[in-house]
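Student:
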Amino acid sequence: MDRRGFIKTCTAVAAASLASPSFFISSLRAQEVEFKAYKKAILLKKDGTPLRPEDIDPGKQYIFFYPHRATPCILANLGKEVPPADVKLSDGTTYRWPGGVGPKKSIVAYCAICPHQMSYPTPEYSFINYYPENILSKIVKRGGVIQCCAHLSVFDPAKGGEVIDGPAPQPLTAIVLKYEGGKLYAVGTLGKELYEDFFDVFKPDLRKLYKSSRKAKKLVDKCEVVEVEEYAKEVIRC
Ligand code: FES
């Protein structure tokens, strides 16, 4: 599909997504460039029971690993309905992000690998974090953002991860969520992925953490969700 054709498809998908989230997901599967379907993975609490939307506190940030065992994601409840948005790329093109999920359409998820130089949360520290409304970013003087303190990139979780400020050259990769029968699932990614580079650059660290590259790359079908503060010893905010 050429670029113009792709954008037309985005527009068509956008219109459809307003009517039906499930139609949005099945339509996106046909796209090769921006949406990538992975294993459908259920989001779980630490006790192994399904994570429910009401378990996600709007004043906190959460982490889970998807679509690979070693690829971190930020989960957040923005506390209000988050409508679909057109996400701008640096070349001026856009793609449609489907917005929040859950009964209030307020829950969003993004890959927590920074598109600038791939800072990501480790058990030692987390430079890239969600700032709920009650925690202000010193850069943009407001909450409700995802910010990477490695080199001060700021992203908008209510606009598909679009760059608000800083050196990041592209939006965060969105994790596409589905809300079904009271349960939350991750079903794929939307936007440009960094996984190949991530596995390449951080191979030695990931081997240490996961014992082998094969285990780090394993695709998951369930994801334990925990607060970032429980996962990383130090949460760096700026
Ligand atoms: S790695 Fe995140 S801003 Fe540079």
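Heads up: the sequence shown at position 204 corresponds to 1222 in our numbering, and the numbers run straight through without jumps.
Cβ atoms here follow ideal geometry from the backbone N, Cα and C, with glycine treated the same way.
#1: Using the Cα positions of S1144 and A1192, report the straight-line distance between them to the nearest angstrom.
#2: What is the DSSP secondary structure of E1198, counted as helix, strand or coil?
#3: Shorter than 8 Å, the distance from the beta carbon of I1146 to the closest heavy atom of ligand 1, or not?
#4: Check whether the Cβ atoms of G1206 and Y1056 sit closer than 9 Å, and answer yes or no.
#5: Suppose the cutoff is 7 Å on Cβ atoms and the five residues either side in sequence are ignored; what does the same chain contact list for K1240 look like?
#6: Identify, in the order they occur along the chain, each residue of the same chain with its Cβ nearer than 7 Å to the Cβ of L1069, setting aside the five sequence neighbours on each side.
#7: In three-state terms, what does DSSP make of A1250?
#8: Decide if the region 1079-1097 is in contact with the region 1220-1236; the criterion is three or more beta carbon pairs, one per stretch, under 8 Å apart.
#9: I need the straight-line Cα distance from R1225 to G1077, nearest angstrom please.
#10: Where does E1151 fall in DSSP's three states?
#11: For E1099, does the count of other Cβ atoms within 10 angstroms reach 16, so buried, or fall short, so exposed?
#12: So L1093 and F1082 are in contact, right, with Cβ under 8 Å, and what is the actual spacing, rounded?
#13: Does the pairing of the region 1159-1171 with the region 1133-1150 give three or more beta-carbon distances under 8 Å?
#14: Look up E1052 in the DSSP assignment and say whether it is helix, strand or coil.
#15: Taking 8 Å as the cut-off, is the beta-carbon of P1150 closer than that to any non-hydrogen atom of ligand 1?
#16: List the residues that DSSP assigns as beta-bridge partners of K1106.
#17: Are there 16 or more other CB atoms within 10 angstroms of the CB of V1194, so buried, or fewer, so exposed?
#18: Which residues does DSSP pair with F1083 in a beta bridge?
#19: Give the DSSP-derived three-state secondary structure of D1218 in the structure shown.
#20: In or out: V1219 buried (at least 16 other Cβ within 10 Å) or exposed?
#21: When you measure from the CB of C1129 to every non-hydrogen atom of ligand 1, does any distance come out below 8 Å?
#22: Could you check how far apart the C-beta atoms of E1180 and K1106 are, in whole angstroms? I think they sit under 8 Å.
#23: Name the DSSP bridge partner or partners of P1068?
#24: Give the straight-line distance between the Cα atoms of Y1080 and D1109, rounded to the nearest whole angstrom.
Tutor: Reading off the structure:
#1: Using only the alpha carbons, I get a separation of about 19 Å.
#2: The answer is strand: DSSP assigns E1198 an E or B state.
#3: It does: the Cβ of I1146 is within 8 Å (strictly closer) of some heavy atom of ligand 1.
#4: Yes; because the gap between Cβ atoms is below 9 Å, this pair is in contact.
#5: Correct list, in chain order: A1059, I1060 and L1062.
#6: Excluding sequence neighbours, L1069 sits near L1061, L1062, K1063, L1202 and V1243.
#7: Coil, per DSSP.
#8: With contact defined as three or more Cβ pairs closer than 8 Å, the region 1079-1097 and the region 1220-1236 are in contact.
#9: Each residue's Cα considered, the two are about 33 Å apart.
#10: Note: E1151 maps to coil in three-state DSSP.
#11: If you draw a 10 Å sphere on the C-beta of E1099, you find fewer than 16 other C-beta atoms in it, and that means exposed.
#12: Sure, about 6 Å apart at Cβ, within 8 Å.
#13: By the Cβ rule, the region 1159-1171 counts as touching the region 1133-1150, because three or more pairs are nearer than 8 Å.
#14: Assignment of E1052 by DSSP, reduced to helix, strand and coil, places it in the coil class.
#15: Not one heavy atom of ligand 1 sits closer than 8 Å to the Cβ of P1150.
#16: DSSP lists T1112 as partners of K1106.
#17: V1194 is buried by the Cβ-count criterion.
#18: In DSSP, F1083 forms a bridge with P1090.
#19: DSSP places D1218 in helix when its eight states are reduced to three.
#20: In this structure V1219 is exposed. Its beta-carbon is surrounded by fewer than 16 other beta-carbon atoms within 10 angstroms.
#21: At a threshold of 8 Å, C1129 does not count as near ligand 1, since its beta carbon sits no closer than that to any of the ligand's heavy atoms.
#22: The C-beta distance from E1180 to K1106 rounds to 6 Å, short enough to fall under 8 Å.
#23: Paired residue(s): L1062.
#24: Their backbone Cα atoms lie some 31 Å apart in a straight line.
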